[in-house]
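Peer 1:
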Amino acid sequence: MPALHAQHSVADKEYGAHPVPPNARLGRWQVTMSYWSLLSAMVWLFYGALAASLYGTRDAMIAIALSTVVFALANIMMTRLGIRHGVNSTLLTKSLFGRWGSLFTALLVAATVLYYAIFESSTLAVAFQSYVKHGDIRLWYAVIVVVMLPLMLGSVQSWMAKLNGVLLPFYLVGLVSILIAAGVKFGHGSHWLSFSGVVPPEGRSFPGWILCFVLYMGIYITMPTTIDFARFARREDERFHEVVTFGWVFYLLLFILNGFAGIYLVQLVLPTEPASETGVVQAILASLGWIGLLFIVISQTRVNTLNYYQSSTNFERILSTVTSVRLPRFVWVTAVAVVVFLMMLTDVFSYLQTALNWQGVLVIGWVGVVLTHFAVSRRDRRFGPVVDESMPRIGWGLIAWIVPSIVGILLLEVSSVPATARQSAQLIVLVLSVALYTVTYLLTRRADDAGPAARVDGAEVPSAVH
14 MPALHAQHSV
24 ADKEYGAHPV
34 PPNARLGRWQ
44 VTMSYWSLLS
54 AMVWLFYGAL
64 AASLYGTRDA
74 MIAIALSTVV
84 FALANIMMTR
94 LGIRHGVNST
104 LLTKSLFGRW
114 GSLFTALLVA
124 ATVLYYAIFE
134 SSTLAVAFQS
144 YVKHGDIRLW
154 YAVIVVVMLP
164 LMLGSVQSWM
174 AKLNGVLLPF
184 YLVGLVSILI
194 AAGVKFGHGS
204 HWLSFSGVVP
214 PEGRSFPGWI
224 LCFVLYMGIY
234 ITMPTTIDFA
244 RFARREDERF
254 HEVVTFGWVF
264 YLLLFILNGF
274 AGIYLVQLVL
284 PTEPASETGV
294 VQAILASLGW
304 IGLLFIVISQ
314 TRVNTLNYYQ
324 SSTNFERILS
334 TVTSVRLPRF
344 VWVTAVAVVV
354 FLMMLTDVFS
364 YLQTALNWQG
374 VLVIGWVGVV
384 LTHFAVSRRD
394 RRFGPVVDES
404 MPRIGWGLIA
414 WIVPSIVGIL
424 LLEVSSVPAT
434 ARQSAQLIVL
444 VLSVALYTVT
454 YLLTRRADDA
464 GPAARVDGAE
474 VPSAVH
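Just so we're on the same page, the numbering used here is the position in the sequence shown counted from 1, plus 13.
1. Measure the CB-CB distance between Ile234 and Tyr60 and report whether it falls below 9 angstroms.
2. Does the beta-carbon of His98 have 16 or more other beta-carbons within 10 angstroms, so that it is buried, or is it exposed?
3. Could you check where the alpha helix (DSSP H) with Trp345 kicks off and where it finishes?
4. Give me the Cα-Cα distance between Glu481 and Ser437, rounded to the nearest whole angstrom.
5. Would you kindly work out how many angstroms separate the C-alpha atoms of Arg71 and Trp113, rounded to a whole number?
6. Who does Leu39 pair with in a DSSP beta bridge?
7. Do the CB positions of Val349 and Ser333 come within less than 9 angstroms of each other?
8. I'd like the list of long-range same chain contacts for Ser135, defined as Cβ closer than 6 angstroms, with 5 residues on each side in sequence excluded.
9. Is it the case that the Cβ atoms of Leu375 and Phe110 are separated by a distance below 9 angstroms?
10. Would a C-beta distance cut-off of 9 angstroms place Thr258 and Phe242 closer than the cut-off?
11. Just verifying my parser: in three-state terms, what is the DSSP assignment at Val33?
12. From Leu137 to Ser428, what does the alpha carbon distance come to, in whole angstroms?
13. What's the gap between the Cα of Ile75 and the Cα of His204?
14. The alpha helix (DSSP H) with Pro182 in it runs from where to where?
15. Determine the DSSP secondary structure at Leu369, reduced to helix, strand or coil.
16. If I measure Cβ to Cβ from Arg435 and keep anything under 6 angstroms in the same chain, skipping five residues before and after, which residues do I get?
17. By Cβ distance below 8 angstroms, which residues in the same chain neighbour Pro405 in space, the five residues on each side in sequence not counted?
18. What do you reckon, are the CB atoms on Val158 and Val294 nearer than 9 angstroms?
19. Could you pull the start and end residues of the alpha helix (DSSP H) that Pro495 belongs to?
20. Please name the residue, chosen from Met91, Asn177, Leu120 and Tyr322, that lies closest to Thr347 on a Cα-to-Cα basis.
21. Please list the terminal residues of the continuous alpha helix (DSSP H) segment that includes Met230.
22. Judging by CA-CA distance, which residue of Val282, Val156 and Val399 is the nearest neighbour of Ser115?
23. Have a look at Ala432, Glu27, Gly69 and Ala73 and flag the residue whose alpha-carbon is nearest the alpha-carbon of Val211.
24. Check whether the Cβ atoms of Val383 and Tyr454 lie closer than 9 angstroms to each other.
25. Can you list the alpha helix (DSSP H) stretches of 4 or more residues lying completely in the segment 85-166, in chain order?
26. Short of 6 angstroms in beta carbon distance, which residues of its chain neighbour Lys107, apart from the five on each side in sequence? Order them along the chain.
27. Assuming Ser47 and Val179 form a contact by the criterion Cβ under 8 angstroms, report the distance between their Cβ atoms to the nearest whole angstrom.
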């Protein structure tokens with residue numbers, strides 16, 4: 014592997030190589046509206062509908078409420094790390110995984126949000142084809158990618174917040190309107206609350222609400238994404254952001270509003286069909302016709318601004334770290350759009366869930382290691398992680414991340430694995446990563462010989478970057 018190029022040019026507007034300095038921090042509204050583009054993804058409606066379809070409506074609702082609490086609590090630490098030290102998720106893990114190992118963080122985030130971009134874009138293409146009832150789906154794929162491209166060029170520092178701030182009220186009003194229309198058209202009632210799920214009791218190794226909670230663990234990708242956006246926030250706004258932007262207010266809308274809406278729509282409109290990626294689209298179109306289609310366009314425009322931003326900036330971090338190549342943002346966004354289109358041509362819905370399951374396991378392992386490190390390392394919580402080139406190429410923490418993740422993938426994919434282990438694979442990965450990193454940390458921790466210049470001191474840029 015070539016030598017790492019840590020020194021970036023002054024044109025590094027996304028601060029991929031060093032922390033965001035105080036004079037580059039942004040106001041509350043700009044950070045909040047940029048990050049809240051994540052609220053409108055169709056995948057959140059789908060996850061709610063899927064959980065209820067598998068294990069029952071009531072168990073799904075319990076799990077969604079529990080997930081809201083857990084995600085909000087975990088993201089308090091992620092928010093504080095991002096705001097206080099100004100580092101992105103890659104820099105944050107340099108002291109854990111090493112100079113080369115931290116690039117796996119960037120690769121994981123880039124690949125995961127790329128798959129979400131593929132999912133959301135495919136959903137929009139299916140919506141247009143279903144409504145128009147004409148045209149090859151590949152043509153709609155191309156139209157969606159080309160038309161969306163100019164809107165994907167914004168960043169947190171530019172007009173990403175403005176676009177999403179304008180569209181957010183339309184999304185919220187549209188979602189409520191669709192729920193009302195579905196109730197009027199298909200009949201109100203409480204029967205959707207009593208659905209018990211297609212997985213019979215004998216097929217469940219754990220109560221349904223636990224299995225639904227495990228399903229939602231696969232969405233831990235929001236945690237490294239929190240860090241990538243929180244680093245742009247001002248320190249005086251920390252309390253606001255850990256409650257509203259990245260905290261319980263955000264997850265109340267993300268999981269409970271969207272999740273319950275997805276359950277209600279699919280159970281009411283398509284009660285005899287299993288939840289699918291396209292089922293939510295069909296339910297929306299059946300409820301409100303062309304207005305429903307417009308709602309889907311708004312939702313996909315909003316969420317893909319984040320997907321394209323995260324994917325392009327994280328891929329850029331990888332290339333600019335291992336080479337001296339520097340490419341304009343337009344080139345990166347265009348490259349992501351091309352990859353999205355090519356992947357959409359491969360019948361994405363046939364394998365997307367498997368890919369997201371694998372990446373979900375990797376993200377769970379990552380979260381376990383990161384939360385454990387900053388829970389046990391008071392030094393790094395106070396002064397921030399080491400971000401200079403004094404770190405080894407590969408850190409011991411990488412083992413505590415990768416080994417449990419491989420175990421999790423095997424539990425999911427090997428047919429001879431007992432159902433109990435398969436259905437709790439994500440929980441097993443989390444426990445293993447926490448335990449393994451704790452042992453690794455206790456065995457390998459070194460004396461605090463890194464001076465302030467080698468660390469992120471508050472929001473200061475480190476003085477030595479080789």
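Note that the Cβ used here is the ideal one computed from N, Cα and C, for glycine as well.
Peer 2: Put simply:
1. Sequence index remark: in the sequence shown, residue 234 carries index 221 (1-based). Sequence index remark: in the sequence shown, residue 60 carries index 47 (1-based). It is not a contact, given that the beta carbons lie outside the stated cut-off.
2. For the purposes of this step, residue 98 is identified with residue 85 of the sequence shown, where counting begins at 1. Result: buried.
3. Position 332 of the sequence shown holds residue 345. Element bounds for Trp345: Arg342 to Met357.
4. The question about residue 481 has no answer here: the residues shown for the chain are numbered 14 through 479.
5. Working through the sequence shown from its first residue, we reach residue 71 at position 58. Working through the sequence shown from its first residue, we reach residue 113 at position 100. Our two residues, Arg71 and Trp113, have alpha carbons roughly 45 angstroms apart in a direct line.
6. The sequence position of residue 39 within the sequence shown is 26, counting from 1. Ala246, per the DSSP bridge assignment.
7. If you number the sequence shown from 1, residue 349 lands on position 336. If you number the sequence shown from 1, residue 333 lands on position 320. The Cβ-Cβ distance between Val349 and Ser333 does not fall below 9 angstroms.
8. If you number the sequence shown from 1, residue 135 lands on position 122. Closer than 6 angstroms at the Cβ level, and outside the excluded window around Ser135, lie Met357 and Val361.
9. Against the sequence shown, residue 375 aligns to sequence position 362. Against the sequence shown, residue 110 aligns to sequence position 97. No, the pair does not count as a contact, with Cβ atoms beyond the cut-off.
10. Translated into positions along the sequence shown, residue 258 becomes position 245. Translated into positions along the sequence shown, residue 242 becomes position 229. The answer is yes: Cβ separation under 9 angstroms.
11. Counted from its first residue, the sequence shown places residue 33 at position 20. Looking at Val33 - three-state DSSP - the assignment turns out to be coil, as it is neither helix nor strand.
12. Residue numbering aside, residue 137 sits at position 124 when the sequence shown is read from its first letter. Residue numbering aside, residue 428 sits at position 415 when the sequence shown is read from its first letter. If I take the Cα positions, the gap works out to 34 angstroms.
13. Your numbering for residue 75 matches position 62 in the sequence shown. Your numbering for residue 204 matches position 191 in the sequence shown. Going from the Cα of Ile75 to the Cα of His204 covers about 17 angstroms.
14. Locating residue 182 in the sequence shown gives position 169, counting from the first residue. It spans Met173 to Phe199 - the alpha helix (DSSP H) in which Pro182 sits, taken as one unbroken run.
15. The sequence position of residue 369 within the sequence shown is 356, counting from 1. Note: Leu369 maps to helix in three-state DSSP.
16. As a first step, residue 435 is located in the sequence shown; it is residue number 422 there, counting from the start. Correct list, in chain order: Leu424.
17. Against the sequence shown, residue 405 aligns to sequence position 392. Within the same chain, Pro405 has close Cβ partners Gly111 and Arg112.
18. Against the sequence shown, residue 158 aligns to sequence position 145. Against the sequence shown, residue 294 aligns to sequence position 281. No, the Cβ-Cβ distance between Val158 and Val294 is not below 9 angstroms.
19. Look at the range of the chain in this structure, 14 to 479, and you will see that residue 495 is not part of it.
20. Within the sequence shown, numbered from 1, the residue matching residue 347 stands at position 334. Nearest C-alpha to Thr347: Tyr322.
21. In the sequence shown, counting from the first residue as 1, residue 230 sits at position 217. It spans Gly221 to Met230 - the alpha helix (DSSP H) in which Met230 sits, taken as one unbroken run.
22. On the sequence shown, position 102 is the one that residue 115 refers to. By alpha-carbon distance to Ser115, the top candidate from Val282, Val156 and Val399 is Val399.
23. If you number the sequence shown from 1, residue 211 lands on position 198. Answer by Cα proximity: Gly69.
24. The residue labelled residue 383 in the question sits at position 370 within the sequence shown. The residue labelled residue 454 in the question sits at position 441 within the sequence shown. No. Outside cutoff.
25. 102-105, 107-114, 116-145 and 150-161
26. By one-based count along the sequence shown, residue 107 stands at place 94. The answer, listed in chain order, is Ser115, Val400 and Met404.
27. Within the sequence shown, numbered from 1, the residue matching residue 47 stands at position 34. Within the sequence shown, numbered from 1, the residue matching residue 179 stands at position 166. That belief does not hold up - the Cβ atoms of Ser47 and Val179 are roughly 13 angstroms apart, past 8 angstroms.
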